[in-house]
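Peer 1: Quick one: this structure, given as structure tokens, is what I'll be asking you about.
Numbering (this note's numbering), first residue to last: 1 to 193.
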């Protein structure tokens, strides 16, 4: 069989093909030319269409990957911002307690109300699940409202230590209604490690 296929390939040449084409009727020639043209178009167009389809799918995949990459960059930026905020909070919580009464006295001195302090006593440390709380009870007598507001702002926005008011009682002085008597509890926190 191999010999027969070789002999049929040898007998196939362009002269035989041209003679066979000339021997066709005009209608059959048009069909033959149409089939040949269709074959050439398929041979050229099919690989090109497959290649362009693959290129389009790769372009879409690249665009999707670029979008995902942008999302990752946004998440990394958010992570860095959160990490910075966390380090600032950890610095405020700190690992060592500084004397709370000393800090309060310093802030009172800055606010100009140190002379209004009647008493300042530190309470025992309370432990929670995540942090320890230390607090101090402060009694102020005969303080002006503007100085009190300044003191509250300086305590709540202290950059060295996180401090918050837990209890806050304000009464007007009987002898002078423009002056106030204040009892408050100020707390600070430390992370438990």
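Note that beta-carbon positions come from the ideal geometry of N, C-alpha and C, so glycine has one too. Here the structure is a predicted model, which is why all the values come from computation and not from measurement.
Determine the extent of the alpha helix (DSSP H) in which residue 114 is found, giving its start and end residues.
Peer 2: Run containing residue 114: none; DSSP gives neither H nor E here.
Peer 1: Compute the distance between the beta-carbons of residue 136 and residue 102, then report whether it is under 7 Å.
Peer 2: No, the Cβ-Cβ distance between residue 136 and residue 102 is not below 7 Å.
Peer 1: Are the Cβ atoms of residue 117 and residue 143 separated by less than 7 Å?
Peer 2: No, the Cβ-Cβ distance between residue 117 and residue 143 is not below 7 Å.
Peer 1: Please report how far the alpha carbon of residue 75 lies from the alpha carbon of residue 67, in whole angstroms.
Peer 2: Using only the alpha carbons, I get a separation of about 12 Å.
Peer 1: Which value, in whole angstroms, describes the spacing of the CA atoms of residue 86 and residue 134?
Peer 2: The straight-line gap from Cα to Cα measures roughly 21 Å.
Peer 1: How far does the beta strand (DSSP E) with residue 162 in it extend, from its first residue to its last?
Peer 2: From DSSP, residue 162 is part of no beta strand (DSSP E); its letter is neither H nor E.
Peer 1: Count the other CB atoms, across all protein chains shown, that sit within 10 Å of the CB of residue 188; report buried if there are 16 or more and exposed otherwise.
Peer 2: That one is buried.
Peer 1: Look at the Cβ atom of residue 182, then the Cβ atom of residue 140, and state whether they are nearer than 7 Å.
Peer 2: Cβ distance < 7 Å, so residue 182 and residue 140 count as in contact.
Peer 1: Look at the alpha carbon of residue 35 and the alpha carbon of residue 54, and state the distance between them as a whole number of angstroms.
Peer 2: Distance between the alpha carbons of residue 35 and residue 54: 28 Å.
Peer 1: For residue 153, report the span of its alpha helix (DSSP H) as first-last.
Peer 2: Note, residue 153: alpha helix (DSSP H), 145 to 156.
Peer 1: Between the alpha carbons of residue 78 and residue 64, how many angstroms are there, rounded?
Peer 2: Spanning the two alpha carbons is a distance of roughly 21 Å.
Peer 1: Going by DSSP, what residue range makes up the beta strand (DSSP E) through residue 22?
Peer 2: From DSSP, residue 22 is part of no beta strand (DSSP E) but of the alpha helix (DSSP H) over 14 to 22.
Peer 1: Please name the residue in 127, 109, 126 whose C-alpha comes closest to that of residue 148.
Peer 2: Residue 148 has its Cα closest to that of 109, out of 127, 109, 126.
Peer 1: Quick one: measure Cβ to Cβ for residue 107 and residue 154, integer angstroms, because I've assumed they're closer than 8 Å.
Peer 2: Yes, residue 107 and residue 154 are in contact; Cβ-Cβ is about 5 Å, under 8 Å.
Peer 1: Please work out which residues of its chain come closer than 6 Å, Cβ to Cβ, to residue 2, disregarding the five sequence neighbours upstream and downstream, and give them in chain order.
Peer 2: Because residue 2 carries a pLDDT of 48, less than 50, the predicted location of this residue cannot be relied on, and the following value inherits that uncertainty. Excluding residues within five positions, none has a Cβ falling inside 6 Å.
Peer 1: Write down the C-beta distance between residue 131 and residue 192 rounded to the nearest angstrom, noting that I regard them as a contact closer than 8 Å.
Peer 2: Going by Cβ atoms, the distance from residue 131 to residue 192 rounds to 6 Å, so yes, they are a contact pair.
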